[in-house]
Amino acid sequence: MRILLTGADGQVGQALGLVLAARHTLLLTSHTSLDISDYRSVEEVVRARPDLVIHPAAFTHVDGCALDPDKAYRVNGLGTRHMALACQRLDIPLVYLSTNEVFDGTATTPYHEWDLPHPINPYASSKWAGEQFVQQLCQKFYIVRIAWVFGGAHNFVQTVLRLADERPMLAVVQDEIGNPTYAPDLAAAVGALIQEPAYGIYHFVNEGYCSRFEFAHEILRLAGKAIDVQPITLAEYKRASTPPPFTPLRNFVGAIDLGITLRPWQEALATYLMTLAAVRRA
Ligand SMILES: NC(=O)c1ccc[n+]([C@@H]2O[C@H](COP(=O)([O-])OP(=O)(O)OC[C@H]3O[C@@H](n4cnc5c(N)ncnc54)[C@H](OP(=O)(O)O)[C@@H]3O)[C@@H](O)[C@H]2O)c1
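Residue numbering for the sequence shown follows our numbering, starting at 279 and increasing by one per position.
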């Protein structure tokens, strides 16, 4: 297939580009080559004549979205509307990457694909706006909700490793719970998904869930760094955005209907840390 990929320079975009290049012709676009927040991007995508659009591009700085909600709605809401309009015009499927944060975090068990979103911060509201545009405008769509992605240059794993080298002690939130998810595993799952015309909503995350505190512990244990980690609460960690506290996703639809599953997050994390170590040695 001829696949147009938005945000190809981002963490998820890069992983998708690597996985999909083996089977497909990729039209890689970046913020500079295709600004999705500009209405003219509809025409640009139509002109490129792809068979499918995969759309991870977004304003992903969660605190930045809280400080500038209009920008969040312009990029994540309208930007997605533009990609949906282009796919509507071409009558092709759209894959939209969305987030665990569309849920309010008041559940006590992981969220299913059919649970009702109720975003509680501007980043989440803007991504939910994107989901609604996709559902209103596209006949053929895959909404793939993901969470806590690691695999690129900027993510929680890299931050914990860096701070462990800079500080004598780390304070990490213990009451925010989610699914750490390895970008290459997610990309492989999306690659399998687009082979099937099984349109709808999916939750693709690595198996299992944990708190940020437990995630940091496992990162440091696997990396062999002995450093004190203290648990703190979300209330103690002052930031512009309010994260929903409990947002693990359950991959129910993809696993049962299509047999698409992602391995446990601890295994994926070990693979990522081995990759980082190999890159450092090279
Ligand atoms: N990372 C996570 O933990 C996580 C969790 C849940 C859901 N998601 C979703 O997964 C998707 C990918 O996330 P990611 O981690 O890969 O984010 P990322 O690394 O921040 O990548 C996002 C990309 O979008 C580009 N972009 C921003 N504004 C744009 C615009 N107006 N036009 C075109 N491109 C634009 C960015 O380019 P510049 O940097 O040059 O602006 C960047 O390359 C996003 O939709 C996000 O909401 C991510």
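Ideal Cβ positions, reconstructed from N, Cα and C, are used throughout, including at glycine. Small disclaimer: the values here were computed from a predicted structure and weren't measured.
I'd like to check one pair, Leu330 with Ile421: are the Cβ atoms closer than 8 Å?
No, Cβ-Cβ distance for Ile421 and Leu330 is not below 8 Å.
Excluding the 5 residues preceding and the 5 following Gly285 in the sequence, name in chain order all residues of the same chain whose CB lies nearer than 6 Å to its CB.
The residues are Gly291, Pro334, Ala335.
For Thr520, tell me which candidate among Phe381, Thr387, Tyr389 has the shortest Cα-Cα distance.
It is Phe381.
Shorter than 7 Å, the distance from the beta carbon of Leu356 to the closest heavy atom of ligand 1, or not?
It does not: the Cβ of Leu356 is nowhere closer than 7 Å to a heavy atom of ligand 1.
Extract the residue ranges of the beta strand (DSSP E) inside the stretch 341–396, only unbroken runs of 3 or more that lie entirely within it.
Within the stretch 341–396, the runs of beta strand (DSSP E) at least 3 residues long that lie entirely inside it are, in chain order, 372–377.
Nearest-angstrom Cα separation, counted from Leu500 out to Met548
The question names Met, yet the displayed sequence has Ala at residue 548. In a straight line, the C-alpha of Ala548 is about 7 Å away from that of Leu500.
Smallest Cα separation from Val323: which of His396, Ala344, Asp369, Asp341?
Here the closest residue by C-alpha is Asp369.
Does the Cβ-Cβ distance between Val483 and Asn433 come in under 8 Å?
No, the Cβ-Cβ distance between Val483 and Asn433 is not below 8 Å.
Gly288 (DSSP reduced to helix, strand or coil):
Annotated three-state conformation of Gly288 is coil, per DSSP.
Residues in the same chain with beta-carbon distance under 6 Å from Val297, minus the five sequence neighbours each way, listed in chain order, please.
So the list reads Ala465, Ala466, Gly469, once near-sequence residues are dropped.
Any idea which residues DSSP pairs Ile421 with across the strands?
According to DSSP, which records beta bridges pairwise, Ile421 is partnered with Tyr374, Ile479.
CA-CA distance, Val507 and Leu441?
Straight-line Cα distance between these residues: approximately 11 Å.
Under 8 Å, do Ile398 and Pro522 count as touching if we go by C-beta distance?
Taking 8 Å as the cut-off, the Cβ atoms of Ile398 and Pro522 count as close.
Just how far apart, CA to CA, sit Leu551 and His495?
Here the alpha carbons of His495 and Leu551 stand approximately 14 Å from one another.
Local Cβ density within 10 Å of Arg359, reported as buried at 16 or more and exposed below that:
Buried: at least 16 other Cβ atoms inside 10 Å.
Answer with buried or exposed for Leu498, where buried requires no fewer than 16 other C-beta atoms within 10 angstroms of its C-beta.
The residue is buried, with at least 16 neighbouring Cβ atoms inside 10 Å.
Where do the ends of the alpha helix (DSSP H) carrying His495 lie?
That run of the alpha helix (DSSP H) goes 490–501.
What's the call for Met361, buried or exposed, on a 16-neighbour Cβ count within 10 Å?
Under the 10 Å beta carbon count, Met361 is surrounded by 16 or more other beta carbons and is classified as buried.
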